[in-house]
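See below for the structure under consideration.
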Amino acid sequence: MSLPSLAALRAFDAAARLGSFKAAADALNVSATAISHHIRGLEAQTGVVLFLRGTRQVSLTDEGRQLSEATDFAFSRIEATLDVLCVAENTLTISTTPAFASLWLAPRIQSFEEQHPSIHIRTVSSTGVVDLQRDRTIDIAIRYGGKERSRDDSLVLRESVGAFGSPDYIERLEDLPRAEFINTAWMSKDLKHISWTDWFAAAEYEPIKDTKVREFLQEQEVLQAGLAGQGLILLSNVLAGDMVARGWLLPYRPDIRLEGLVYRVIAGPQKSDSKNLKVFMAWLTKEMDSPEMPLEAVAF
Numbered sequence: 006m007s008l009p010s011l012a013a014l015r016a017f018d019a020a021a022r023l024g025s026f027k028a029a030a031d032a033l034n035v036s037a038t039a040i041s042h043h044i045r046g047l048e049a050q051t052g053v054v055l056f057l058r059g060t061r062q063v064s065l066t067d068e069g070r071q072l073s074e075a076t077d078f079a080f081s082r083i084e085a086t087l088d089v090l091c092v093a094e095n096t097l098t099i100s101t102t103p104a105f106a107s108l109w110l111a112p113r114i115q116s117f118e119e120q121h122p123s124i125h126i127r128t129v130s131s132t133g134v135v136d137l138q139r140d141r142t143i144d145i146a147i148r149y150g151g152k153e154r155s156r157d158d159s160l161v162l163r164e165s166v167g168a169f170g171s172p173d174y175i176e177r178l179e180d181l182p183r184a185e186f187i188n189t190a191w192m193s194k195d196l197k198h199i200s201w202t203d204w205f206a207a208a209e210y211e212p213i214k215d216t217k218v219r220e221f222l223q224e225q226e227v228l229q230a231g232l233a234g235q236g237l238i239l240l241s242n243v244l245a246g247d248m249v250a251r252g253w254l255l256p257y258r259p260d261i262r263l264e265g266l267v268y269r270v271i272a273g274p275q276k277s278d279s280k281n282l283k284v285f286m287a288w289l290t291k292e293m294d295s296p297e298m299p300l301e302a303v304a305f
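So for the sequence shown, my numbering puts the first residue at 6; every next one is plus one.
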């Protein structure tokens, strides 16, 4: 069977959603007679009754309900795709880690959008590495990794790792052995894991007997535990910086900082000459070099 006309399917979809031929006619700016004509033609073509006609309203038959589900899904997908196509040119999609997206990028992105309201930023967070050559939906990748700089890197943000706690917790902490220690459970075998053992060694503390370290899978969870006053957290200055700037976290022993890894900014090939991409990269460079958020150490 050949597909019915788009006009007939639109008339049917509107009548099915609104429960009235007249309401469908008003919605599509046509006459009720035109709606009725389209639907009768659709019923003749399919060989099934799609509506039970009442005096003032209509109701779907079982067959009509099946077709309504299909047309609703199809037209919704078409509308969504058209929306995407309309905004794609002014949308920059950024791939980065969940922690960087929520703790570094999110607090700053409103500032960018206020300065550049025509550019929309879409963030895709994942711990996986995106292949920018294959995945053309990603315009910029902010990756976390080793210290060596790649030829593809546009910007590099270096981190250091230190101990932080809520102001109340640090004020109450009388002695380090009494502290609760919190860290991220490092899942990647390819990246250096910085632990409380490393911090104790750098601080020249003797190992604390029966030290228990509570671990979370995500840095965001570690930070939330610190904000809640549950203990001292070991965290990157890049991720903790915004909370320190707001006074919600304080560094503990700010003289002790461990060399961490780096965040690399890599632009995808599909928008390399895009004006919007250049605008965003200029803003990102300024933010990464901001005196309020220095590259080497925040609040250390």
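Heads up, the beta-carbon is just placed ideally off N, CA and C, and yes, glycines get one too. Small disclaimer: the values here were computed from a predicted structure and weren't measured.
Member of the options whose CA lies at the smallest distance from the CA of residue i
i           : options            : result
residue 139 : 286, 36, 274, 279  : 274
residue 137 : 101, 15, 287, 55   : 101
residue 213 : 120, 184, 221, 130 : 184
residue 105 : 146, 82, 173, 182  : 146
residue 127 : 292, 209, 282, 191 : 282
residue 217 : 232, 39, 240, 236  : 236
residue 215 : 182, 72, 70, 209   : 182
residue 50  : 6, 23, 31, 112     : 6
residue 117 : 288, 130, 246      : 288
residue 220 : 82, 115, 240, 162  : 240
residue 42  : 34, 32, 31, 26     : 26
residue 254 : 169, 44, 62, 21    : 169
residue 4   : 175, 44, 285       : This structure does not reach residue 4, given that the chain is present from 6 up to 305, and the question cannot be answered.
Proximal residues to residue i (C-beta, below 7 Å), its chain only, five neighbours per side dropped
i           : result
residue 266 : 149, 150, 151, 152, 164, 196, 197
Reduced DSSP secondary structure (H/G/I, E/B, other) of residue i
i           : result
residue 149 : strand
residue 281 : helix
residue 242 : helix
residue 261 : coil
residue 174 : helix
residue 108 : helix
residue 294 : coil
residue 202 : helix
residue 211 : coil
residue 219 : strand
residue 300 : In this prediction, residue 300 has a pLDDT of 31, which is less than 50 and means its spatial position is unreliable; what the coordinates show is noted afterwards. The answer is coil: DSSP assigns residue 300 none of H, G, I, E or B.
residue 167 : strand
residue 137 : coil
residue 16  : helix
6 Å CB neighbourhood of residue i in its chain, flanking five on each side removed
i           : result
residue 47  : 9, 13, 17
residue 278 : none
residue 304 : Bear in mind that the predicted position of residue 304 carries a pLDDT of just 33, short of 50, making it unreliable; the figure below should be weighed with that in mind. Around residue 304: 249, 256.
Cβ shell of residue i (< 8 Å), same chain only, five flanking positions each side left out
i           : result
residue 66  : 53, 54, 55, 56, 57
residue 263 : 165, 166, 167, 199, 203, 204, 207
Classification of residue i by the beta-carbon crowding that lies within 10 angstroms, buried from 16 upward
i           : result
residue 222 : exposed
residue 64  : exposed
residue 301 : Low local confidence applies: a pLDDT of 36 at residue 301 is under 50, so the model's placement there is unreliable, and no value is given.
residue 290 : exposed
residue 134 : exposed
residue 29  : buried
residue 19  : buried
residue 59  : exposed
residue 61  : exposed
residue 11  : exposed
Opposing strand residues paired with residue i [DSSP bridges]
i           : result
residue 97  : 126
residue 86  : Paired residues: none, contrary to the question.
residue 272 : 145
residue 160 : 270
residue 186 : 218, 237
residue 58  : 63
Proximity test, residue i beta-carbon vs the ligand GDP heavy atom, cut-off 7 Å
i           : result
residue 248 : Ligands displayed in this structure: none; no statement on the ligand GDP is therefore possible.
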